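Accompanying notes for the structure given below.
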Amino acid sequence: MALTESTDPLLQEITGPTPGQMLRKRVFGHQGLLFGGIVLGILLLVAIFAPLLAPHDPYAQSLMTRMEPPVFLGGTWEHPLGTDHLGRDYLSRLIYGARVSLMIGVIAALISGVIGTAMGVAAGYFGGRVDMVVTFLINVRLAMPVVLVALAVVAILGGSLQVVIVVLGLLLWDRFAVVMRASTLQVRGREYVAAARAIGASTPRVILSEIMPNIANNLIVVVTLEMAHAILLEAALSFLGLGVQPPTPSWGLMVSEGKNMMLFEPWLVLIPGAVLFLLVLAINLMGDGLRDVTAPDNRS
Amino acid sequence: MSQQKQNAVLELRNVTKTYRVKQGLFGKARPLTAVNDVSLSLPRGEVLGLVGESGCGKSTLAKILLGLEMPSSGQVLVDGQEIGAQDRLSLARRIQPIFQDPYSSLNPRKSIFDIVSLPLRVHGVGQQADWDREVRKILDIVGLPARVMNTYPSQMSGGQRQRVAIARALIMKPEIVICDEPTSALDVSVQSQILNLLGDLRREFGLTYLFISHDLAVVEHLATRVAVMYLGRIVEEADVAGLFDAARHPYTQALLKSVLTPEPGLGVPDTQLGMAYPNPIDPPSGCHFHPRCPMMTEHCRKVAPRSLPTPQGRVECHLFDPESPMTKAEVA
Chain A
-13 MALTESTDPL LQEITGPTPG QMLRKRVFGH QGLLFGGIVL GILLLVAIFA
37 PLLAPHDPYA QSLMTRMEPP VFLGGTWEHP LGTDHLGRDY LSRLIYGARV
87 SLMIGVIAAL ISGVIGTAMG VAAGYFGGRV DMVVTFLINV RLAMPVVLVA
137 LAVVAILGGS LQVVIVVLGL LLWDRFAVVM RASTLQVRGR EYVAAARAIG
187 ASTPRVILSE IMPNIANNLI VVVTLEMAHA ILLEAALSFL GLGVQPPTPS
237 WGLMVSEGKN MMLFEPWLVL IPGAVLFLLV LAINLMGDGL RDVTAPDNRS
Chain B
76 MSQQKQNAVL ELRNVTKTYR VKQGLFGKAR PLTAVNDVSL SLPRGEVLGL
126 VGESGCGKST LAKILLGLEM PSSGQVLVDG QEIGAQDRLS LARRIQPIFQ
176 DPYSSLNPRK SIFDIVSLPL RVHGVGQQAD WDREVRKILD IVGLPARVMN
226 TYPSQMSGGQ RQRVAIARAL IMKPEIVICD EPTSALDVSV QSQILNLLGD
276 LRREFGLTYL FISHDLAVVE HLATRVAVMY LGRIVEEADV AGLFDAARHP
326 YTQALLKSVL TPEPGLGVPD TQLGMAYPNP IDPPSGCHFH PRCPMMTEHC
376 RKVAPRSLPT PQGRVECHLF DPESPMTKAE VA
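First to last, the sequence lines map onto chains A and B. For the first sequence, my numbering gives the first residue as -13, with consecutive numbering after it. For the second sequence, my numbering gives the first residue as 76, with consecutive numbering after it.
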């Protein structure tokens, strides 16, 4: 049936790893990505299994045992990380606080990711007027200081976990839109997009099955960056008293509540601060790693 | 000629495509005529070679034929029906492209099976089992082993990728294939394989090709008719023998002279074209070719030449216009 002999010797042997295998190899060879992934994984498990892991009720106050120091500063194993100014177990609050931080990070990044990706891909793919409108909206958004707007909105609506998540989700889409627009512009000029259109594929099909898989790596990187961004903003808002309201355990709130005692009991600030730092570091390392691992397609 | 027209599977009538190009932020949009009043007819089973320099509008013409761009004016007829009147799916069944760069025409995230079966899935032809069978069949036809189905484009060489692209174009059994420089990104040794494959497939399936290229040797090898394009216009059209043996238009002659020969010591041929390709936003007056033409006269600067029939086709040049004031003096 073959009309031409396959004179190409390479036709006989098509070997070599599939893209999936090469990706796996690169992932396990990347230390930053591994470290970030493991730390994030542990924190995620801690957040999910918080009720099983926490030694005490994070809301239970005990005014008899206020500001007990942690074990390494001469405390007891009853409260491994000591207690706060209301006698609540610090480790338990830290564990429950992971839930708040991660939930805000994940949901806010999801909301803004959906908004920003839809806008960016539409702008990049359709161009013209759509692009002009989206670019204008991005500029408007970039002209607004996030913290100030978030503060104002929270001050008007009252602070709660839901309000903080929604406000951050509606504010952090700018980077998604910018990055997705640029990536889409780059990909839509490729000939496989023209080929799919010449085949008769519908616009949603072209976007979802030809363009999205090729810009997903950029999307993942922005997701991780914005997650870290949202977590830090929540901490900042809670620290200013306009984020998550007490007695909900939140790392930013813990720093805020500890700041009055900072000179005498510095660990009240240092412990939640250090965990916050670790989480953001892990997320950023993972984002960096994902970019390294996925960006160049033919790198060995 | 009229007989040919009736058999024409693809016909272009005075097709013009104008883009509006904005220069700078506050600059006024100026028209760029990428394709200027092109009329071509392509009889069934023939191969029309479309030749021209980069930027002369070849690829824009290909996009119009594929329905990816709409012409600003003029008509494109497929089997006598206008392109705009057909829905995209039925047009896609008739006309399929093979693109220039096989490194960019295959989605790197998709397996070869996904790429080749995409037309079947888009058109809703058959079920999973049929797709598998069809893909195996077409891969065999283009000379690829069936086991490449599960590999990815990055694992293949340029020639193999181009075979995959050909398989994708042919799996729906189209009538017309638009080959947009299908060999220019390939090694010379692989080029001939792909060209032979295209030639074999044409005979096997009775395909009609529009073969776009800047490589005259490739066109001579495959085409039955040749059209030469310059700044969006067809300046000369003739059958292969007529064009390669007796090129009329000075531009065609220069192109023919520019072909590199394997003869050592000859050096790089001098086309005498000298000046760079003109800016299509600001095309030269009169005959668009006059600033580069070795036979240019005052008349060419002022008046655009008209299309003149020749024994093998037609040409747009004052040299062959009996009514042009320069003809007698120059040709004699």
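Glycine is no exception: its CB is placed at the ideal position from the N, C-alpha and C atoms. All values reported here derive from a predicted model rather than from experimental measurement.
If you draw a straight line from the C-alpha of residue i to the C-alpha of residue j, how long is it?
{"i": "A/Val279", "j": "A/Leu9", "result": "7 Å"}
{"i": "A/Leu(-4)", "j": "B/Gln230", "result": "Low confidence applies here, because A/Leu(-4) scores a pLDDT of 49, under 50, leaving its location unreliable; read the following figure in that light. Going from the Cα of A/Leu(-4) to the Cα of B/Gln230 covers about 11 Å."}
{"i": "B/Ile410", "j": "A/Gly114", "result": "Limits of chain B in this structure are 76 at one end and 407 at the other, which puts residue 410 of chain B out of reach."}
{"i": "B/Gln79", "j": "B/Ile241", "result": "With a pLDDT of 46 at B/Gln79, under the threshold of 50, the modelled position of that residue is not reliable, and no figure is offered here."}
{"i": "A/Val25", "j": "A/Trp159", "result": "26 Å"}
{"i": "A/Val149", "j": "A/Ile97", "result": "13 Å"}
{"i": "B/Ala322", "j": "B/Gln328", "result": "6 Å"}
{"i": "A/Gly15", "j": "A/Asp274", "result": "14 Å"}
{"i": "B/Ser192", "j": "B/Ile246", "result": "8 Å"}
{"i": "A/Arg79", "j": "A/Glu196", "result": "46 Å"}
{"i": "B/Pro220", "j": "B/Leu214", "result": "7 Å"}
{"i": "B/Leu136", "j": "B/Gly120", "result": "20 Å"}
{"i": "B/Ala407", "j": "B/Arg169", "result": "The predicted position of B/Ala407 is uncertain, since its pLDDT is 39 and thus under 50; a value taken from the coordinates is nonetheless stated next. Their Cα atoms are separated by approximately 49 Å."}
{"i": "A/Arg74", "j": "A/Ser48", "result": "6 Å"}
{"i": "B/Arg211", "j": "B/Met224", "result": "8 Å"}
{"i": "A/Leu67", "j": "A/Asp43", "result": "14 Å"}
{"i": "B/Phe395", "j": "B/Ser360", "result": "19 Å"}
{"i": "A/Ile206", "j": "A/Met198", "result": "12 Å"}
{"i": "B/Ser259", "j": "B/Pro146", "result": "26 Å"}
{"i": "A/Asp70", "j": "A/Gln7", "result": "49 Å"}
{"i": "A/Gly99", "j": "A/Ile217", "result": "15 Å"}
{"i": "A/Met118", "j": "A/Leu211", "result": "26 Å"}
{"i": "A/Glu163", "j": "A/Thr103", "result": "According to the sequence displayed, residue 163 of chain A carries Ala and not Glu. Distance between the alpha carbons of A/Ala163 and A/Thr103: 5 Å."}
Taking the Cβ atom as the reference point for each residue, do residue i and residue j lie within a distance shorter than 8 Å?
{"i": "B/Glu256", "j": "B/Gln175", "result": "yes"}
{"i": "B/Pro177", "j": "B/Gly124", "result": "no"}
{"i": "B/Ser114", "j": "B/Asn89", "result": "yes"}
{"i": "B/Gly201", "j": "B/Asp314", "result": "no"}
{"i": "B/Leu164", "j": "B/Ile158", "result": "no"}
{"i": "B/Gly127", "j": "B/His289", "result": "yes"}
{"i": "B/Cys254", "j": "B/Leu282", "result": "no"}
{"i": "B/Ala104", "j": "B/Arg95", "result": "yes"}
{"i": "A/Gly229", "j": "A/Glu220", "result": "yes"}
{"i": "B/Leu261", "j": "B/Val293", "result": "no"}
{"i": "B/Ile190", "j": "B/Val239", "result": "yes"}
{"i": "A/Ala268", "j": "A/Gly22", "result": "yes"}
{"i": "A/Leu29", "j": "A/Leu72", "result": "no"}
{"i": "B/Gly149", "j": "B/Thr226", "result": "no"}
{"i": "B/Val303", "j": "B/His324", "result": "yes"}
{"i": "B/Leu306", "j": "B/Val122", "result": "no"}
DSSP puts residue i in a beta bridge; with which residues?
{"i": "A/Val230", "result": "According to DSSP, A/Val230 bridges with nothing at all."}
{"i": "A/Gly6", "result": "Partner(s): none; A/Gly6 has no beta bridge."}
{"i": "B/Tyr94", "result": "B/Leu107"}
{"i": "B/Tyr326", "result": "According to DSSP, which records beta bridges pairwise, B/Tyr326 is partnered with nothing at all."}
{"i": "B/Gly124", "result": "B/Phe286, B/Val301"}
{"i": "A/Glu177", "result": "According to DSSP, which records beta bridges pairwise, A/Glu177 is partnered with nothing at all."}
{"i": "A/Thr289", "result": "For chain A, the structure presents residues -13 to 286; residue 289 of chain A sits outside this window and is missing."}
{"i": "B/Gln230", "result": "Looking at the DSSP assignment, B/Gln230 forms no beta bridge with any residue, so it has no partner."}
{"i": "B/Asp152", "result": "For the record, residue 152 of chain B in the displayed sequence is Leu; it is not Asp. Paired residue(s): B/Glu86, B/Glu157."}
{"i": "B/Arg389", "result": "B/Glu312, B/Pro384"}
{"i": "B/Pro172", "result": "B/Ile253"}
Let's test the definition: count the other Cβ atoms within 10 Å of the Cβ of residue i and tell me whether it reaches 16, buried, or not, exposed.
{"i": "A/Leu249", "result": "exposed"}
{"i": "B/Gln268", "result": "buried"}
{"i": "B/Glu279", "result": "exposed"}
{"i": "B/Tyr352", "result": "exposed"}
{"i": "A/Leu143", "result": "exposed"}
{"i": "B/Ser116", "result": "buried"}
{"i": "B/Lys185", "result": "buried"}
{"i": "B/Lys133", "result": "buried"}
{"i": "B/Ser179", "result": "buried"}
{"i": "A/Glu64", "result": "exposed"}
{"i": "A/Thr234", "result": "buried"}
{"i": "A/Met105", "result": "buried"}
{"i": "A/Met130", "result": "exposed"}
{"i": "B/Pro194", "result": "buried"}
From the beta carbon of residue i, is the nearest beta carbon of chain E less than 8 Å away?
{"i": "B/His289", "result": "Absent from the structure: chain E. Protein chains present are A and B."}
ask   = So does the region 254 to 267 of chain A actually touch the region 80 to 88 of chain A, counting three or more Cβ pairs closer than 8 Å?
value = yes
message = Check whether the region 100 to 117 of chain A and the region 162 to 170 of chain A touch, using three or more Cβ-Cβ pairs below 8 Å as the test.
response = yes
task = Would you check if there are 3 or more beta carbon pairs closer than 8 Å linking the region 135 to 152 of chain B to the region 182 to 197 of chain A?
result = yes
query = Would you say the region 71 to 78 of chain A touches the region 36 to 45 of chain A, given that touching needs at least three Cβ pairs under 8 Å?
reply = yes
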